[in-house]
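**Q**
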């Protein structure tokens, strides 16, 4: 297991929902320093008022700027890459902006990490990267492949790259929950399609999964947690049972159901008690590297509509209230 004691850790997109929760959790370890790397000076200022631990540093920069990353990564042991353009609609209408941040930015992270001698890098991915139908998912799939392949050209250096992929996060800024709460007074909640399902994970669970895999990774894995699914109509019922449901149709780039492991990925995936590991298809990867995992059966796929675990309306209501 990788020891985090005494390490300097940098998180890109560090003022976002994930970044703030990650910083809060990682400070409980005996780390040397945690660097918050992001573009927005106002969010950094506001975060600095809330987080006063002397081990925190704030670094303004953009993952599109390789030179800035080289400066930021000086002396850094671990990088958690959470920065991305994530809004599906915005990526559809501003495609090259998504490419510059999510793909070019990923390659910049890879090159700066190798050249600066970073030990471990975990990149955050999304269920939308599995069999993508929208540009956001396509850019994150490309990003995933860049990080996995990066292990092929580290040479004799110790830098290792892995990916964590999970679904919708309860309580994140992009979550539908705040939107539903905001408009419940109107008496109507817009639902794109009553059949729609999504994977669901809490912010705390997502951050802990990253930290766990940071310690168990060898380089090249895509880690996928076992998490429950939910029906969007059930979420609406949990938040505002008094509201009428208005079906408005699927938006550009939206799926009815999400997937985290496709049938093709499943052939090289191992199952563990609480997570799956998609193994890379590279000659440097040994299938003996993962002990205790079970190969998946032929035809397996991990999708939100065929999931074996579901959140009820009551469970969703508890999660929403805890937010």
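Residue numbers (my numbering): 1331 to 1653. Ideal Cβ placement from N, Cα and C applies to all residues, glycine included.
Check whether the region 1441-1459 and the region 1376-1383 touch, using three or more Cβ-Cβ pairs below 8 Å as the test.
**A** Output reads no: the region 1376-1383 does not touch the region 1441-1459.
**Q** Out of 1477, 1405, 1580 and 1526, state which residue places its alpha-carbon closest to the alpha-carbon of residue 1548.
**A** Minimum Cα distance to residue 1548 is reached at 1477.
**Q** Spatial neighbours of residue 1425 within its chain, please: CB distance less than 7 Å, with the 5 preceding and 5 following residues excluded, ordered by chain position.
**A** Correct list, in chain order: 1465.
**Q** Does the distance from the CB of residue 1621 to the CB of residue 1576 come in under 8 Å?
**A** Cβ atoms of residue 1621 and residue 1576: not closer than 8 Å.
**Q** Beta-carbon separation of residue 1582 and residue 1427 under 8 Å?
**A** No.
**Q** Quick check: what's the CA-CA separation for residue 1387 versus residue 1362?
**A** Using only the alpha carbons, I get a separation of about 11 Å.
**Q** Whole alpha helix (DSSP H) runs in the region 1420-1450 with 4 or more residues, listed along the chain?
**A** DSSP runs (the alpha helix (DSSP H)) wholly in the region 1420-1450: 1425-1429 and 1435-1446.
**Q** Considering Cα atoms alone, identify which of 1392, 1529 and 1490 is closest to residue 1431.
**A** Taking only the C-alpha atoms, the option nearest residue 1431 is 1392.
**Q** Considering only their Cβ atoms, is the gap separating residue 1578 from residue 1520 smaller than 8 Å?
**A** Contact: yes.
**Q** Taking C-alpha atoms, which residue in 1649, 1558, 1339 and 1365 lies nearest to residue 1508?
**A** Closest option to residue 1508, Cα to Cα, is 1649.
**Q** Report yes if the C-beta distance between residue 1436 and residue 1473 is below 8 Å; otherwise report no.
**A** Contact: yes.
**Q** Tell me whether residue 1647 sits in a helix, a strand or coil according to DSSP, three-state version.
**A** Looking at residue 1647 - three-state DSSP - the assignment turns out to be helix.
**Q** Going by DSSP, which residues form a beta bridge with residue 1625?
**A** Beta-bridge pairing links residue 1625 to 1600.
**Q** Cβ of residue 1418 within 8 Å of Cβ of residue 1584?
**A** Yes, the pair counts as a contact, with Cβ atoms nearer than the cut-off.
**Q** Out of 1384, 1336 and 1599, which one is the CA nearest neighbour of residue 1623?
**A** Measuring from the Cα of residue 1623, the nearest candidate turns out to be 1599.
**Q** Is the distance from the Cβ of residue 1561 to the Cβ of residue 1522 below 8 Å?
**A** Against a cut-off of 8 Å, the Cβ pair of residue 1522 and residue 1561 comes out as no contact.
**Q** Scan the region 1442-1498 and note each continuous beta strand (DSSP E) run of 3 residues or more that stays entirely inside, going in chain order.
**A** Complete beta strand (DSSP E) runs here, min 3: 1450-1456 and 1490-1496.
**Q** How far does the alpha helix (DSSP H) with residue 1511 in it reach, from first residue to last?
**A** Run containing residue 1511: 1506-1513, per the alpha helix (DSSP H) assignment.
**Q** How big is the Cα-Cα spacing for residue 1408 and residue 1524?
**A** Approximately 42 Å, taken between the alpha carbons.
**Q** I'd like to check one pair, residue 1593 with residue 1553: are the Cβ atoms closer than 8 Å?
**A** Taking 8 Å as the Cβ cut-off, residue 1553 and residue 1593 do not qualify as a contacting pair.
**Q** Using 10 angstroms around the beta-carbon of residue 1401, count the other beta-carbons present and answer buried if the total reaches 16, otherwise exposed.
**A** With fewer than 16 Cβ atoms within 10 Å of its Cβ, residue 1401 is classed as exposed.
**Q** Can you look up residue 1516 in the DSSP assignment and give me helix, strand or coil?
**A** Residue 1516: helix per DSSP, three-state reduction.
**Q** Tell me, please, whether the region 1528-1546 touches the region 1345-1356 by the rule of three or more beta-carbon pairs shorter than 8 Å.
**A** Because the criterion of three Cβ pairs below 8 Å is met, the region 1528-1546 and the region 1345-1356 touch.
**Q** Along the chain, which unbroken stretches of the alpha helix (DSSP H) at least 4 residues long are found entirely within the region 1536-1589?
**A** 1562-1569, all fully within the region 1536-1589.
**Q** For residue 1384, is the classification buried or exposed, using 16 other Cβ atoms within 10 angstroms of its Cβ as the cut-off for buried?
**A** Per the 10 Å Cβ criterion, exposed.
**Q** Residue ranges of each beta strand (DSSP E) run of no fewer than 3 residues wholly in the region 1362-1406, ordered along the chain?
**A** As far as the region 1362-1406 is concerned, its whole beta strand (DSSP E) runs of at least 3 residues are 1363-1368 and 1386-1390.
**Q** For residue 1340, does the three-state DSSP call read helix, strand or coil?
**A** DSSP places residue 1340 in strand when its eight states are reduced to three.
**Q** Take the Cβ of residue 1590 as the centre, count every other Cβ of all protein chains shown within 10 Å, and call the residue buried at 16 or more, exposed below.
**A** So residue 1590 counts as buried.
**Q** For residue 1550, tell me which candidate among 1463, 1567, 1638 and 1482 has the shortest Cα-Cα distance.
**A** The option with the nearest alpha carbon to residue 1550 is 1482.
**Q** Going by alpha carbons, who is nearest to residue 1475 out of 1602, 1531 and 1610?
**A** Measuring from the Cα of residue 1475, the nearest candidate turns out to be 1610.
**Q** Between the beta-carbon of residue 1456 and the beta-carbon of residue 1495, is there less than 8 Å?
**A** Yes, they are a contact pair.
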